[in-house]
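Enquirer:
Number of protein chains: 2
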Amino acid sequence: MRRRRGADGKSTIKDVARAAKVAVGTVSRVVNAHPSVDPATRQRVERVIARLGYEPNAIAQSMRTRVTRTVGFVVPDISNPNWAWILGAASRILQPRGYTVVVASTGGERALELDVLGVFARRRPDALILALDSGDDGVLARALRQLRMPIVMMERELPGPWDAVMTDHAGGAYTATRHLLGLGHRRIALITASERVRPGAQRVQGYTRAFADEQLPVEPDLLRCGSFDPDFAFRETSSLLSRRDPPTAIVAGGIQLLAGVLRAAGLHGAAIPSALSVVSCGDTDLAQLASPPVTVARWDVKAIGVAAAEAVLRRLRGAASAAPARVVLESELVVRESCAPPCARRPGRCQARIQSP
Amino acid sequence: MRRRRGADGKSTIKDVARAAKVAVGTVSRVVNAHPSVDPATRQRVERVIARLGYEPNAIAQSMRTRVTRTVGFVVPDISNPNWAWILGAASRILQPRGYTVVVASTGGERALELDVLGVFARRRPDALILALDSGDDGVLARALRQLRMPIVMMERELPGPWDAVMTDHAGGAYTATRHLLGLGHRRIALITASERVRPGAQRVQGYTRAFADEQLPVEPDLLRCGSFDPDFAFRETSSLLSRRDPPTAIVAGGIQLLAGVLRAAGLHGAAIPSALSVVSCGDTDLAQLASPPVTVARWDVKAIGVAAAEAVLRRLRGAASAAPARVVLESELVVRESCAPPCARRPGRCQARIQSP
DNA sequence: CTGAAAGCGCTAACAT
DNA sequence: ATGTTAGCGCTTTCAG
């Protein structure tokens, strides 16, 4: 079986054309399902394609057409289940439409974020879905604009002409805090991400508003903003529980933080909810199956991915210059058993069973 | 500032050459850090590049050089934390080396797997890291071979000339089962993935071997192979606990399965470990923080990603035709508090505290 | 050290 | 309906 092939051993459109005794244009037409091809010719070409195992070279196609049918996905850490779920949801929509997802993690570090934008400037995906962490001094926004491709921001607020999909984390933290306030708690700690990233800032805002509503003061030391790392939550919880007047309740302001809070609470022997009430922002197996099950402010994580993918498709289908869309997902409180009224004496140490009559 | 640009508004190597008054070849040389460029010329070109915001078009580069600096990553479900961790670990190695990871989920469905392989046949990544689920009738293996690129299989055993990295799940299940057997359990259930995928098959094998070692018979109905979906574990656990002679212990043979097992056990009021002992294959926050903490057979999930990435790099660095490497990671038992000797009477219902002297 | 030119594999006119 | 051909943007000889 004679056939000439490219250096990598794959046959090219030329090989097919030669073997089928047609011009390359014709092969291109059958590959792209162009209507004006004689059925007989089409069949002959298709047979040759099958015989040679010809696969159109997407690189060459992209070079010609200037579209890669590729969507970049940039997040701080793709190992984080939050982003993994979102990626999964987005790719479940994009993949069947012929788009391939190209991922990159930034570690939330500015330098890497810039690097990654550079990579995508060179690779020319058709669109970008991203969550950038480093604050904006205009450099990032400019870099994004230079990309000249549809961009969808996730859970972040970087001013610019791009679509954005996010969760009302302020609302989530607000409801969580109110719930605790309503139970009679006053020393409520909030552990969450740095205020420089939207979810962190939003939660602080919701928390603060809940206190303001009751005309109650916020104690600054009870606000622990730093990162989404469970170890951060562990350290902060330990530190909080070691205070002379430990908080009677903690809001874990991030999907991954609950694990750190529970671990530290366990180590400190702080019984939940008798000695310490806990609310988590973000529902997980852990929140549902912990003892007791943890009250959470939950939202539809995957919906972020779905909305982002749909925004991308909308742009790519021609609404390229429509006004930036902005979708905000609601957060809802699910009351479980991790919250109780605060213990009056020996705050943070009391044992509910012992104290009850 | 005059400058001609491509249709997408990006300047090309030609624009740079024109503006710097050099030939495109020279621009190419400075971009690729070729040594033989006069320093003065280099500087002039670099300035123009900065001024025009020129970014080499990776598509065109790939077309010429036939390398994409891209690695495909194919798994059943990228939302699954197991794969997300592995992807994270792999990309943490690949990204700094200039490789971009392209992901695709297959849902474990044959048709999609074939689709995805087709996509990658066209996109021409430099290598592929994958976990295929559908059994092999030779079609898949042939498709992979036609790809003519380095391939690394993860957690799967598909015969062929590719590297493989996997975990000794048989060993994990064996140790877990022995542990239970040693405690005196005899009716031990195993819930795991379908036997058609390696982790499922391996766990059944380890479990069976543990019984064989003790010359004990395996009761087939206690083997529940089906999927890695927590809902599957939930259903099977419910079904098992509804038996007239429910198992006294359950091995959750998959990282995600523990959640389903615990949920069902909770609903059935089966206290752990007094009424039901539980071992999980795969360590998680849930296993560590459940009450009681769950004994697990654990292994280093990320190491799979690291090993896969390293295998890819090794091939890409020239060891293209070395014999297929095969790395097997060990699994280790971490005893926590979810296992106790089986309850003698009223199996599956007794309360440990009531029975102890 | 630098310029000129030949393609990489494909699509999309433009002819016929 | 099909053949021909001009590039897409880049790298890489090959001359000079």
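First to last, the sequence lines map onto chains A and R. Using the working numbering, you'd call the opening residue of the first sequence number 1 and step up by one each time. Using the working numbering, you'd call the opening residue of the second sequence number 358 and step up by one each time. Built from N, CA and C at the ideal position, the CB exists for glycine as well.
Please list the segments of the alpha helix (DSSP H) lying wholly inside the stretch 15 to 97 of chain A, counting only runs of 4 or more residues, in order along the chain.
Expert: 24 to 31, 39 to 52, 58 to 65 and 81 to 94
Enquirer: Please list the partners that GLU412 of chain R has in chain A, where partner means a Cβ-to-Cβ separation under 8 Å.
Expert: GLY118, ALA121 and ARG122
Enquirer: Decide yes or no for the touch test of the stretch 97 to 114 of chain A against the stretch 122 to 133 of chain A: beta carbon pairs closer than 8 Å, at least 3 of them.
Expert: In short, these stretches touch, since the Cβ pair count reaches three.
Enquirer: Taking TRP442 of chain R as the query, report the chain A residues whose CB atoms sit under 8 Å from its CB, ordered along the chain.
Expert: SER79
Enquirer: Under 7 Å Cβ-Cβ, which residues of chain A neighbour THR643 of chain R?
Expert: A small fix is needed here, since residue 643 of chain R is Leu in this sequence, not Thr. Here the neighbours are ASP285, LEU286 and LEU289.
Enquirer: Along the chain, where does the alpha helix (DSSP H) containing ILE661 of chain R start, and where does it finish?
Expert: 658 to 673
Enquirer: Helix, strand or coil for ASP578 of chain R, going by three-state DSSP, please let me know.
Expert: It is helical.
Enquirer: Nearest-angstrom Cα distance between LEU615 of chain R and LEU240 of chain A?
Expert: Each residue's alpha carbon lies about 31 Å from the other.
Enquirer: Can you give me the start and stop residues for the alpha helix (DSSP H) that LEU333 of chain A sits inside?
Expert: No alpha helix (DSSP H) holds LEU333 of chain A; the beta strand (DSSP E) holding it covers 332 to 334.
Enquirer: What are the complete alpha helix (DSSP H) segments, minimum 4 residues, inside the stretch 515 to 575 of chain R?
Expert: 526 to 540 and 555 to 570
Enquirer: Between R:LEU471, R:ALA478 and R:MET506, which has its C-alpha nearest GLY495 of chain R's C-alpha?
Expert: R:LEU471
Enquirer: Leaving aside the five residues before and after ALA143 of chain A along the sequence, list all residues of the same chain whose C-beta is less than 6 Å from its C-beta, in chain order.
Expert: LEU117.
Enquirer: Go ahead and pull the three-state DSSP assignment for LEU597 of chain R.
Expert: If DSSP states are grouped into helix, strand and coil, LEU597 of chain R belongs with the helices.
Enquirer: For ALA374 of chain R and THR425 of chain R, I'd like the C-alpha separation in whole angstroms.
Expert: 24 Å
Enquirer: Quick one: is GLN215 of chain A near chain R, going by C-beta distance under 8 Å?
Expert: no
Enquirer: Who are the neighbours of ALA68 of chain A on chain R, taking C-beta pairs under 8 Å?
Expert: It should be pointed out that residue 68 of chain A corresponds to Thr in this sequence rather than to Ala. Per Cβ cutoff of 8 Å: ILE416.
Enquirer: Of all the CB atoms in chain A, is at least one closer than 8 Å to the CB of THR605 of chain R?
Expert: Under the Cβ criterion of 8 Å, THR605 of chain R is not counted among the residues facing chain A.
Enquirer: Starting from ARG502 of chain R, follow the beta strand (DSSP E) in both directions and report where the run begins and ends.
Expert: Segment 496 to 504 is the alpha helix (DSSP H) holding ARG502 of chain R; no beta strand (DSSP E) there.
Enquirer: With 8 Å as the threshold, decide whether the Cβ of VAL30 of chain A is near any Cβ in chain R.
Expert: no
Enquirer: Which same chain residues, not among the five before or five after GLY108 of chain A, have their C-beta less than 6 Å away from its C-beta?
Expert: PRO76 and ASP133
Enquirer: Can you give me the start and stop residues for the beta strand (DSSP E) that ARG326 of chain A sits inside?
Expert: 326 to 329
Enquirer: Measure the alpha-carbon distance for VAL381 of chain R versus ASN414 of chain R and round it to whole angstroms.
Expert: 14 Å
Enquirer: One question on the structure: do ALA287 of chain A and SER280 of chain A come within less than 8 Å of each other, judged by their Cβ atoms?
Expert: Cβ distance < 8 Å, so ALA287 of chain A and SER280 of chain A count as in contact.
Enquirer: Which residues in the same chain as ASN32 of chain A place their Cβ atom closer than 6 Å to its Cβ, once the five residues preceding and following it in sequence are excluded?
Expert: none
Enquirer: From GLY517 of chain R to LEU673 of chain R, what does the alpha carbon distance come to, in whole angstroms?
Expert: 18 Å
Enquirer: Would you mind reading off the limits of the alpha helix (DSSP H) that contains ARG124 of chain A?
Expert: First-last for ARG124 of chain A: undefined, no H or E at that position.
Enquirer: Once DSSP output is grouped into helix, strand and coil, what is the label at ARG655 of chain R?
Expert: strand
Enquirer: Would you list, in chain order, the members of the stretch 608 to 629 of chain R that have their beta-carbon closer than 7 Å to a beta-carbon of chain A?
Expert: Look at the stretch 608 to 629 of chain R: the residues with a C-beta under 7 Å from a C-beta of chain A are ALA616, LEU619 and ARG620.
Enquirer: Starting from GLY610 of chain R and walking both ways along the beta strand (DSSP E), at which residues does that stretch end?
Expert: 606 to 610
Enquirer: Grab the span of the alpha helix (DSSP H) containing ALA461 of chain R for me, first residue to last.
Expert: Premise fails: ALA461 of chain R lies in the beta strand (DSSP E), 457 to 462, not in any alpha helix (DSSP H).
Enquirer: Can you name the residues of chain A whose CB is closer than 7 Å to the CB of VAL460 of chain R?
Expert: Going along chain A in sequence order, the residues near VAL460 of chain R (Cβ under 7 Å) are SER91, VAL101 and VAL103.
Enquirer: Whole-angstrom Cβ separation of THR248 of chain A and ILE191 of chain A, contact assumed at under 8 Å?
Expert: Actually they are not in contact, since the Cβ atoms of THR248 of chain A and ILE191 of chain A sit about 15 Å apart, beyond 8 Å.
Enquirer: Using a Cβ-Cβ cut-off of 8 Å, state whether LYS715 of chain R counts as contacting chain A.
Expert: Chain R is shown only over 358 to 714; residue 715 of chain R falls outside these bounds and no answer can be derived.
Enquirer: Below 8 Å CB to CB, which residues in the same chain sit around TRP338 of chain R once its five sequence neighbours on both sides are set aside?
Expert: Residue 338 of chain R is absent from the model: chain R starts at 358 and stops at 714.
Enquirer: Tell me the residue span of the beta strand (DSSP E) that contains CYS281 of chain A.
Expert: Boundaries of the beta strand (DSSP E) around CYS281 of chain A: 277 to 281.
Enquirer: Please determine if the stretch 301 to 310 of chain A and the stretch 656 to 671 of chain R are in contact, where contact requires at least 3 C-beta pairs separated by less than 8 Å.
Expert: No: fewer than three Cβ pairs fall under 8 Å.
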